Amino acid sequence: MAVIMIVDDEEEARLGLNRLLIKEGYTVKLASSGEEALILINQARPDAILLDFKMPGLDGIEVCRRIRSNDKTKTIPIIMITGFPEEKEIAVQAGADDFLDKPIDPIKLSMRIKCVLKVAKIVDELERTKAYLEELRKAEEEKEGKL
């Protein structure tokens with residue numbers, strides 16, 4: 074099953090989301106800060122990230138920007154968790170794929186995770202196809218150059 078990282082400075086929020094995701098069958102990784110999340114992401118890439126908007130130190134927006142600026146992590150789906158409507162636009166501009174309002178509705182959480190994972194799978198397949206076609210193109214160019 075997919076690995077979901079929860080990044081939230083509030084322990085109660087992390088543990089509550091953890092319980093919900095484990096019930097859904099996901100493997101969960103927990104991070105209590107933006108700094109910790111970036112370290113864990115580089116150690117083992119999660120399949121999706123639930124990221125709190127407001128945290129001390131590196132907030133969710135900065136974490137999202139850093140994830141998006143790294144070639145190894147830029148395609149990880151990020152669902153930003155926020156309690157304020159005006160933060161949604163900022164989250165999307167920073168690179169979040171989706172957002173959830175606080176308090177978290179378990180049904181919406183489940184649906185959003187399934188959707189971002191499905192899209193991520195399609196994007197991954199497209200990237201692999203693109204790389205394969207590029208290899209074929211280069212091989213054809215080399216073949217033509219040798220004739």
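Take 74 as the starting number for the sequence shown in our numbering and just add one per residue.
Every residue gets a Cβ at the ideal spot worked out from N, C-alpha and C, and that includes glycine.
Keep in mind the model is a prediction, meaning the values are calculated, not measured.
With 16 other Cβ atoms within 10 Å as the buried cut-off, status of residue 195: exposed
Coarse secondary structure for residue 112, derived from DSSP in three states: Residue 112: helix per DSSP, three-state reduction.
Residue 125 burial status per 10 Å Cβ neighbour count (16 or more: buried): buried
Extent of the continuous alpha helix (DSSP H) run through residue 93: 84–96
Residues bridged to residue 148 [DSSP beta-bridge criterion]: Answer by DSSP bridge pairing: none, since residue 148 is not bridged.
Those residues which DSSP pairs with residue 178 across a bridge: According to DSSP, residue 178 bridges with nothing at all.
For residue 44, the residue or residues it bridges with in DSSP: Residue 44 is absent from the structure shown; the chain starts at 74 and stops at 220.
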